[in-house]
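Encoded as structure tokens, the structure appears first; notes follow it.
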Amino acid sequence: MIEVRFHGRGGQGAVTAVRILASALYLEGKYTQAIPMYGTERRGAPVVAFLRIGESRINERDLVHNPDIVVVLDPLLSRTVPVTDGLKEGGLIVMNFPKPGNEAGIGGRFRLATVDATGIALEALGRPITNTAMLGAFAKASGLVSLESLEKTLLEQWPGRLGEMNLRALRTAYERVTPPVDVSGIQALGKRPQEEIFSRDVSSWRIFKPQLDEGRCVGCRRCYIYCPEVAISMTQGKARVDYSSCKGCGICGEECPTGAISMIQEVL
Amino acid sequence: MRRWEVMVGNKAIAYAAKLARVQFISAYPITPQTSVVEYLAEMVASGELDAEFVNVEGELTAQTAALGASAAGARAFTATSGPGLLYMHHPMHMTSGGRFPVVMAVIHRSVKGMQPDHSDMMAQRDTGWIMLECENSQELLDTGIMAFKIAEDERVRLPTIFAGDGYILSYTAEPVEIPAQEDVDAFLPPYRSKYPLLPGLADEARRVQMEQWGIGQDPQLRWRRQQEAMEAAKMVIREVNEEFYKWFGRRYGNGLVEEYRCEDVEAFIVAMGTIASTARTAIDRLQARGKKIGLVKLKSFRPFPSEEFKRLGAMVKAIGVIDRNISLGSGGITFQEIRSSLYDLDERPRVLGFHAGLCGKEVRVGDIEMICEKTLRAAEGEEVTPLVDWV
Ligand code: SF4
Ligand code: SF4
């Protein structure tokens, strides 16, 4: 049996990813189990999902603790979540990371394949939903599932234009993912504190950040009311963003009637 | 045509209701049941399923509406979880008392939180419903279909719950075979109530209805008849399980319990639902190491298969019973019932109790191996303490 753990953030589609993978593998005659972990469903919060792949019915109903493969849907997640915990020696990590893998801070007796899934998702879908790109990367890096089965399952899940767009993300990542490299010589970034559920600092969740043009702000307080993280305060009639509390959801920009808030992409 | 789909447990439940061609669905959403009724709502809206779908304002009404539809002669279905099930408690007695074969899916959720344990169903254990527990999504789909046939059997006429652990099954996707509609139609013909509660009842129907509602007779008789029906249900469950096997090639033990690798064992453990599934892996591992321990999966909690445990208990030296429940101030519910089933044996095995998986606490393969090892030590005559453990 092969066990896989997916790390992502609420909204990146980790649960959908394991389900699609389970269906695609089933087409290839495998028995599968796709297990989501539901906690507080907060957009941007770290989430995990698991996949088991076997030759016959899988009886284990516990969670996956010692995965063979880890898939990381978000480039900054590994700064706060110990993504390699329990990963088997020689195990594979497939990670969304825009730079060379040796800069990802992942070290140990593992192999690491990277792909800029955020960039690919923005190109193909116009939104930073990285799950389908990461499935393409997973297929290539692991060799466990064919691109054809994934394509077929994707189009069943999303017939029409949405399916086509996701297909593009899938294929592009399949082509662009790096071959897995040995990272046993790399010093893993020091032990980081695990991200706390009630932590106020959610800045590492951001892919985009709101930028305020004070000249256009009329002080209507809409952004202040709608921000789900209470990251906006009003000072002297103008809005101000507390960036440690801002998770980059973009709601403030959507709600601002004067266009005073624009969302700009973070650089890693 | 039979086909396979990778689906979550909640979808398997919805398929069971659809394939059974339910005519009436009453629904009030509650996590983790919600998507069951969402799938069904879609099926009704798209015309795939010809049923009356009634949104109600709470579970008390969900149960009462299903009861009413069943009384009028319709095949009725509802589904709920945790606190929603508690809210149905009173009308559940009415449904069983009126002998209405409503079928209900229970997607377990603890009464103390969102995560699953069996406290929701155990709180209904004396409501006179048949209760069948499932370990995977295929079993949910299959048991859902069987539930209607058992409930509607003339010898039974009792409402039936089929249940599975919330989260662990409700949202986990795995391959499930969807039986062909023609086969299900042949296995489960349309429900024809002999005694529909409709205007202009025939005399016989009126007499039966009066009896069911306890009018003008020995007031205790209703309880007694229901207990007799529960006893009769044991036979019916076995028959339906066998007939299902003939049609669909799957059966679940003898319908009441399933013995897993119990040949030549010195001890066995007992588990319900998804814990029984995980336990299979633990038993495989232990037997590979030469340990003589098997698993008895308890599928029918009500009626309780005491005779089966008496027979099985005579074959071993120790039994370890896992309860995903507790009767506070007393103990594990199946632990006690199994012990009581063994009372008349000349030589009784030792029975150990284990509380596991309450409030969704994860039960790992290693936990069950530990339970098995303790049970084996008891089988070897060691004085193991405590008698009841929290895992
Ligand atoms: S993007 Fe705007 S709305 Fe969203 S968290 Fe940041 S400040 Fe709040
Ligand atoms: S919504 Fe726009 S205009 Fe209104 S307070 Fe916020 S930034 Fe200013």
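Residue numbers (this note's numbering), protein chains in the order written: chain A, 23 to 290; chain B, 7 to 397. Idealized CB from N, CA, C, for every residue including glycine. The model shown is predicted, which means the values in this text are computed figures rather than measured ones.
Closer than 8 angstroms by beta-carbon distance: list the chain A residues that pair up with residue 3 of chain B, in chain order.
Residue 3 of chain B falls outside the range modelled here, since chain B spans only 7 to 397, and no answer is possible.
For residue 248 of chain A, which of A:124, A:241 and A:274 has the nearest alpha-carbon?
The shortest C-alpha separation from residue 248 of chain A is found at A:274.
Check for me: the beta strand (DSSP E) holding residue 280 of chain B runs from which residue to which?
Annotation for residue 280 of chain B: no beta strand (DSSP E) segment contains it, though the alpha helix (DSSP H) segment containing it runs 279 to 294.
Return the residues of the segment 165 to 179 of chain B that lie within a Cβ-Cβ distance of less than 9 angstroms from chain A, sorted by chain order.
Listed in sequence order: 171, 173, 174, 175, 177, 178 and 179.
Proximal residues, the segment 268 to 293 of chain B versus chain A, C-beta separation under 7 angstroms:
Against chain A - using a Cβ distance shorter than 7 angstroms - the residues of the segment 268 to 293 of chain B are 280, 283, 284, 286 and 287.
Check the Cβ of residue 84 of chain A against every Cβ in chain B and list those closer than 8 angstroms, keeping chain order.
Result: 284, 368, 369, 370 and 371.
How is residue 40 of chain A classed by DSSP in three states: helix, strand or coil?
Reduced to three states, the DSSP call for residue 40 of chain A is helix.
Using a C-beta to C-beta distance shorter than 9 angstroms, which residues of chain B count as neighbours of residue 54 of chain A?
12, 179, 180 and 181, listed in chain order.
Listing by chain order, which chain B residues have their CB less than 7 angstroms from the CB of residue 188 of chain A?
Taking a Cβ-Cβ threshold of 7 angstroms, none of the residues of chain B is close to residue 188 of chain A; the smallest such distance is about 18 angstroms.
State yes or no: is the C-beta of residue 102 of chain A within less than 7 angstroms of the C-beta of residue 119 of chain A?
No, the pair does not count as a contact, with Cβ atoms beyond the cut-off.
Taking 8 angstroms as the limit between beta carbons, can you name the residues of its chain near residue 143 of chain A, skipping five residues before and five after?
Setting aside the 5 residues that flank it on each side, residue 143 of chain A is surrounded in the same chain by 149, 150, 151, 152, 154, 155 and 191, each with a C-beta closer than 8 angstroms to its C-beta; the list follows chain order.
Shell residues, 6 angstroms Cβ cut-off relative to heavy atoms of ligand 1
The set of residues whose C-beta lies within less than 6 angstroms of a heavy atom of ligand 1 reads, in chain order, A:232, A:249, A:251, A:253, A:254, A:263, A:268, A:269, A:270, A:271, A:272, A:273 and A:274.
If I measure Cβ to Cβ from residue 60 of chain B and keep anything under 8 angstroms in the same chain, skipping five residues before and after, which residues do I get?
Within the same chain, residue 60 of chain B has close Cβ partners 30, 31, 32, 33 and 71.
List the endpoints of the continuous alpha helix (DSSP H) containing residue 157 of chain B.
Taken as a continuous stretch (DSSP letters only), the alpha helix (DSSP H) holding residue 157 of chain B covers 143 to 158.
Quick check: the Cα distance between residue 107 of chain B and residue 272 of chain B, rounded to an integer number of angstroms?
Spanning the two alpha carbons is a distance of roughly 40 angstroms.
Run through chain B and tell me which residues come within less than 8 angstroms of residue 68 of chain A, C-beta to C-beta.
Think of a sphere of 8 angstroms around the beta carbon of residue 68 of chain A: no beta carbon from chain B falls inside it, the nearest being about 18 angstroms out.
Can you tell me the Cα-Cα spacing of residue 277 of chain B and residue 326 of chain B, whole angstroms?
Roughly 9 angstroms between the two C-alpha positions.
From the beta carbon of residue 48 of chain A, is the nearest beta carbon of chain C less than 7 angstroms away?
You won't find chain C in this structure, because its protein chains are A and B.
List the endpoints of the continuous alpha helix (DSSP H) containing residue 118 of chain A.
For residue 118 of chain A, no alpha helix (DSSP H) encloses it; the enclosing beta strand (DSSP E) starts and ends at 114 to 118.
With burial defined as no fewer than 16 other Cβ atoms inside 10 Å of the residue's Cβ, what is the status of residue 121 of chain B: buried or exposed?
Residue 121 of chain B should be labelled buried.
Between the CA atoms of residue 182 of chain B and residue 27 of chain A - distance to the nearest angstrom:
Cα to Cα, the separation comes out at about 22 angstroms.
What do you reckon, are the CB atoms on residue 39 of chain B and residue 87 of chain B nearer than 7 angstroms?
Between residue 39 of chain B and residue 87 of chain B, the gap from beta carbon to beta carbon is short of 7 angstroms.
Should residue 21 of chain A be listed as close to ligand 2, given that the test is whether its C-beta is under 6 angstroms from any heavy atom?
Missing from the structure shown is residue 21 of chain A; chain A here goes from 23 to 290 and no further.
Beta-carbon separation of residue 76 of chain A and residue 117 of chain A under 7 angstroms?
For residue 76 of chain A and residue 117 of chain A, no; Cβs fall outside 7 angstroms.
Interfacial residues, the segment 75 to 102 of chain A to chain B, with Cβ spacing under 9 angstroms
Cβ contacts with chain B: 79, 80, 81, 82, 83, 84, 85 and 87.
Can you list, in chain order, the residues of its chain whose CB lies under 6 angstroms from that of residue 262 of chain A, leaving out five sequence neighbours each side?
If you ignore the 5 residues before and after residue 262 of chain A, its C-beta comes within less than 6 angstroms of the C-beta of 255, all in its own chain and listed in chain order.
Taking just the CA atoms, how far does residue 211 of chain A sit from residue 302 of chain A?
Nothing can be reported for residue 302 of chain A, as the shown portion of chain A is limited to 23 through 290.
What do you reckon, is the C-beta of residue 277 of chain B under 6 angstroms from a heavy atom of ligand 2?
Checking every heavy atom of ligand 2 against the Cβ of residue 277 of chain B, none is found closer than 6 angstroms.
Kindly list the residues whose CB is nearer than 7 angstroms to the CB of residue 223 of chain B, restricted to its own chain and excluding five residues on each side of it in sequence; keep chain order.
These residues qualify, in order along the chain: 217.
Can you list, in chain order, the residues of its chain whose CB lies under 8 angstroms from that of residue 246 of chain B, leaving out five sequence neighbours each side?
Cβ neighbours of residue 246 of chain B beyond the five flanking positions: 152, 155, 156, 159 and 261.
Give the residues of chain B in contact with residue 57 of chain A, contact being defined as C-beta atoms less than 7 angstroms apart.
Correct list: 178.
Alpha carbon of residue 314 of chain B to alpha carbon of residue 321 of chain B, nearest angstrom:
Straight-line Cα distance between these residues: approximately 11 angstroms.
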